[in-house]
Amino acid sequence: MTSPTTRPTVLVLDDEKNIRRSVELALEQEGLQVIAAADVSSALRVLHERIVEVLVIDIQLGEIDGITFFRKVQADGFSIPAIFISGHATLTQAAEAVKSGGFDFLEKPFTAEKIAVTVQRCLEMSAIKERLRLAHAHAGPSDIVGESRAIKQVIVDAAKVARTQANVLITGESGTGKELVATAIHAQSERAECPMVRVNCSAIPESLLETELFGYEKGAFTGALSHKKGLFEAAHRGTLFLDEVADLSLPAQAKILRVLQNGEIQKVGASQTVKVDVRVLSGTHKDLKQAVEDGAFREDLYYRLNVVPIRVPSLRERPEDIALLVSVFARRICEKNHLKPKILDEDVVWELQRYGWPGNVRELQNVLERMLIMSGERVSVRDLPEELLQDEPNERGKVSALREFRDQAERDLVIGTLKRNNGNVSQSALELGVRRTYLHRRMAVLKINKKDYFV
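The opening residue of the sequence shown carries number -8 in my numbering; numbering runs sequentially from there.
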């Protein structure tokens, strides 16, 4: 059991004694240390006296609201994740809680299991983010961006496998960010201080693959005027990422298999082998299992590479992340191109969310860069590429009417679902197949108030 000094501490701020006590009991049963505060001044005193890992804050407080308190905490220099709770919050407040950086929002009443699971997830995500912050390799622009359940699972899986020596096969469509996942695994591993070497297997000609991967000795062939270190040797004690591994030829696959089996490479022109200590991560957008069945990929190599599989979801599978991705990428793009920060109209984000993104995150970045460079001070629907609007040129004038129609249809659907569930947002989100926080955002955008679904 964890000792009291190492147990994570949770600060619960709620002016209702029964709520404080029930949350305290639920979290203490999970081995967490809980400090309960009935008012803002008591909570602030705790923060200045103790190290707190998670805040649980009631939105409706007597003195100030919980969101204002959280912003004060942030302004004081504390970087602590917050879980907001409330039984009487308005939709605007719920959306504001998420916008202010809250990890999650729970409606009262909630079960002991629900609050315990949410806090544990919050702690896990904080630990992962801290490891990423401390890792020197590929910080900043290489961070995995997203708050959807699908991408959070990838982040958690990457953190778990990073602490091991297991080979990982990262799959997903082109442009989903497989290299970012590989980078995150390396950055959180014990090999983080050593090199991470990337190889695009589809970009190296077959005739050069052996010398690129294993290197060569001076005089090994005409033109070999000096010793050349191969990529396996360059990644010694570090990580080698074999991107598009499915494009390796069968002879190349056999040579890589021998390295994985023996931990040795033989340079072209050398008579002796060289020991290498390399962890191999692989990526592919192809179905490697099918390639094995088709005889295009060695089964023994497949099982060597696929010790732990991680699948990166397509952007179509996590549309709730698009608004966050747009915000992060827009800032980076403007900085890179020496542009003043630009505002994207809400309609632009809506159009970006409804598009299918066959090129995934990479395509989104490219489209954003084009719009930000070519637009004026604001980015409007007129700046969207034609293919995103999916309308004929002579139909452009109808875009606004179509959007209004879609918004009204979505509004009717959400209100109808809320009515069926007696205003329970969590149950409605489950029925609609979206996260509760995403539904809160859409309700705010569509201006849906309690009077619309409580009759």
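Glycine included, each C-beta is placed from N, C-alpha and C at the ideal position.
Other residues of its chain near residue i: CB distance less than 6 Å, five sequence neighbours each side excluded
| i | result |
| --- | --- |
| PHE94 | PRO72, ILE74 and CYS113 |
| GLY78 | LYS99 |
| ARG228 | CYS185 and ASP268 |
| ALA85 | PHE96 and HIS431 |
| ASN385 | Reliability of the predicted coordinates at ASN385 is poor, the pLDDT of 40 falling under 50, and no value is obtained from them. |
| LEU231 | VAL188, VAL269 and VAL271 |
| LEU239 | CYS192 |
| ILE195 | GLU203 |
| LEU160 | SER273, LEU296, ASN297 and PRO300 |
Between the CA atoms of residue j and residue i - distance to the nearest angstrom
| i | j | result |
| --- | --- | --- |
| ILE106 | LEU52 | 19 Å |
| VAL152 | VAL299 | 8 Å |
| LEU430 | ASP134 | 25 Å |
| VAL339 | LYS331 | 18 Å |
| ASN412 | LYS438 | 19 Å |
| VAL436 | ILE50 | 20 Å |
| LEU296 | GLN144 | 21 Å |
| ASP403 | ALA149 | 40 Å |
| ARG323 | GLY260 | 46 Å |
| ASN464 | THR59 | This structure gives no information on residue 464, because the portion of the chain shown stretches from -8 to 446. |
| SER273 | GLU235 | 8 Å |
| VAL425 | ALA141 | 11 Å |
| CYS325 | ARG373 | 19 Å |
| VAL3 | ALA173 | 37 Å |
| ARG498 | GLN263 | Residue 498 is absent from the model: the chain starts at -8 and stops at 446. |
| PHE61 | GLN281 | 51 Å |
| LYS63 | GLY254 | 54 Å |
| ALA29 | THR408 | 36 Å |
| ASP5 | ALA314 | 31 Å |
| HIS39 | VAL190 | 49 Å |
| VAL37 | ALA17 | 20 Å |
| VAL43 | THR428 | 24 Å |
| ALA66 | LYS410 | 39 Å |
| LEU279 | ASP56 | 53 Å |
Distance between beta carbons of residue j and residue i, contact taken as under 8 Å
| i | j | result |
| --- | --- | --- |
| LEU292 | LEU248 | 5 Å |
| GLU311 | SER139 | 5 Å |
| LEU251 | VAL267 | Their Cβ separation, rounded to whole angstroms, is 10 Å, which puts LEU251 and VAL267 out of contact at 8 Å. |
| ALA237 | PHE288 | 6 Å |
| HIS276 | SER165 | 5 Å |
| VAL265 | GLU201 | No, VAL265 and GLU201 are not in contact; Cβ-Cβ is about 14 Å, not under 8 Å. |
| GLY137 | LEU316 | 7 Å |
| LEU505 | ALA321 | Since the first and last residues shown for the chain are -8 and 446, residue 505 lies out of range. |
Top-ranked residue by Cα proximity to residue i, from the options
| i | options | result |
| --- | --- | --- |
| SER371 | GLY350, ARG402, ILE334 and VAL352 | ILE334 |
| SER305 | ALA282, GLY163, GLY78 and HIS431 | GLY163 |
| GLU395 | GLY137, GLU235, ALA420 and TRP341 | TRP341 |
| VAL319 | ASP285, GLN356 and ALA287 | GLN356 |
| VAL1 | ARG41, VAL31 and ASP30 | ARG41 |
| PHE101 | ARG11, ARG62, GLU203 and ALA215 | ARG11 |
| LEU199 | GLY221, ARG182, MET362 and GLU170 | GLY221 |
| GLU377 | VAL358, GLU368 and LEU363 | VAL358 |
| LEU380 | ASP56, GLN344 and ALA88 | GLN344 |
| GLN179 | GLU401, THR202 and THR155 | THR155 |
| GLY286 | GLN244, ILE301 and THR202 | GLN244 |
| GLU54 | ALA66, VAL89 and SER32 | SER32 |
| LEU171 | ILE301, GLU290 and GLN281 | ILE301 |
| PRO242 | GLU197, ALA103, ASP5 and GLU203 | GLU197 |
| GLN111 | PHE61, LYS327, VAL45 and ALA66 | VAL45 |
| MET116 | ARG427, VAL37 and ILE146 | ILE146 |
| GLU104 | ILE161, LYS246, SER366 and VAL14 | VAL14 |
| MET365 | VAL43, LEU421, ASN328 and LEU160 | ASN328 |
Neighbour flag for residue i against chain C, beta carbons, 8 Å
| i | result |
| --- | --- |
| GLU224 | Although the question refers to chain C, the structure presented lacks it and comprises just one protein chain. |
Cut-off 8 Å between Cβ atoms - residues of its own chain near residue i, not counting five sequence neighbours on either side
| i | result |
| --- | --- |
| GLY414 | LYS441, TYR444 and PHE445 |
| GLU19 | VAL25 |
| GLU7 | ASP49 |
| ARG361 | PRO376 |
| VAL405 | SER419, LEU423, LEU430, ARG433, MET434, LEU437 and ILE439 |
| ARG369 | LYS333, ILE334, LEU335 and ASP336 |
| GLU447 | There is no way to answer for residue 447, as the model of the chain reaches only from -8 to 446. |
| ASN158 | LEU251, ARG270, VAL271, LEU272, SER273, ARG295, LEU296, ASN297, VAL298 and VAL299 |
Close beta carbons around residue i, own chain, < 7 Å, minus the five adjacent residues each side
| i | result |
| --- | --- |
| ARG307 | GLY347 and TRP348 |
| GLY474 | One cannot answer for residue 474 here, as it falls past the ends of the chain, which runs -8 to 446. |
| ARG(-2) | GLY22, LEU23 and GLN24 |
| ALA211 | VAL259 and GLY260 |
| GLU290 | VAL283 |
| ILE256 | PHE205, GLY221, PHE223, GLU224, VAL250, THR264, VAL265 and VAL267 |
Next item on the list: Ignoring anything shorter than 3 residues or poking outside the stretch 239 to 308, list the beta strand (DSSP E) runs there in chain order.
Entry: 270 to 275 and 299 to 302
Next item on the list: Write down every uninterrupted run of the alpha helix (DSSP H) in the stretch 178 to 233 whose length is 4 residues or greater and which is fully enclosed by it, in chain order.
Entry: 197 to 205 and 222 to 225, all fully within the stretch 178 to 233.
Next item on the list: Please specify which runs of the beta strand (DSSP E), each continuous and at least 3 residues long, are wholly inside the stretch 354 to 432, giving them in chain order.
Entry: Those beta strand (DSSP E) runs which fall completely within the stretch 354 to 432 and span 3+ residues do not exist here.
Item checked: Length-filtered (4 minimum) alpha helix (DSSP H) runs lying within the stretch 81 to 108 -> 82 to 90
Check: Which full runs of the beta strand (DSSP E) of 3+ residues lie inside the stretch 13 to 64, going along the chain?
Finding: 24 to 28 and 45 to 49
Checklist line | Any beta strand (DSSP E) of 3 or more consecutive residues that is wholly inside the stretch 132 to 174 | finding: 159 to 162
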